[in-house]
Amino acid sequence: MDLLAGKAMTPVVSGRHATLRRVTSVGTRDTQLNRLWGAVCAFAGIFFLLWALSWLNASVLHEDLQNHCADLHTARFPFEKSCTHEDGTVEGANSVLFDGIFFGSMAAGVGCLGAAFMVEAGRRT
Numbered sequence: 017m018d019l020l021a022g023k024a025m026t027p028v029v030s031g032r033h034a035t036l037r038r039v040t041s042v043g044t045r046d047t048q049l050n051r052l053w054g055a056v057c058a059f060a061g062i063f064f065l066l067w068a069l070s071w072l073n074a075s076v077l078h079e080d081l082q083n084h085c086a087d088l089h090t091a092r093f094p095f096e097k098s099c100t101h102e103d104g105t106v107e108g109a110n111s112v113l114f115d116g117i118f119f120g121s122m123a124a125g126v127g128c129l130g131a132a133f134m135v136e137a138g139r140r141t
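Now the structure itself:
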């Protein structure tokens, strides 16, 4: 730490000479940006994996549900095909936890994407 300027200094060796250079926040912004893009990719991966699982559940596992159900419910986002029986039981519906993770990963991904754009915009000014 340079006591006179109050700025952090890092040694830089070029050729035969060693000098001190100030540490800038550019490296910190790049690290933040990389972490944000990683989070965006992770949340998008979770979102698309759950979307594929909901399609698999509705279109493959519960394909014949309409053949033996009088009260059929379908949804497109996320995919769902469910049946409510006379005794009140529900067959084929997505769980609350599944829907929470699905929509939560979508919201978190959008939030991280917005933060990444803000960091990038701040870096360009």
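First residue of the sequence shown? That's 17 in the working numbering, and the numbers climb one at a time after it.
For every residue, glycine included, the Cβ atom is placed at its ideal position computed from N, Cα and C.
query                                                                                                   : result
Residue ranges of each beta strand (DSSP E) within the stretch 54-128, 3 or longer                      : 88-92 and 95-100
Local Cβ density within 10 Å of A74, reported as buried at 16 or more and exposed below that            : buried
T141 (DSSP reduced to helix, strand or coil)                                                            : coil
Inter-residue Cα distance where the pair is W71 and N50                                                 : 31 Å
Nearest neighbour of A60, chosen from G125, L129, R92 and A137 [CA to CA]                               : G125
Validate contact between the stretch 52-66 and the stretch 115-133 using beta carbons, cut 8 Å, 3 pairs : yes
Same chain only: Cβ atoms within 8 Å of M122, ignoring 5 sequence neighbours per side                   : F59 and F63
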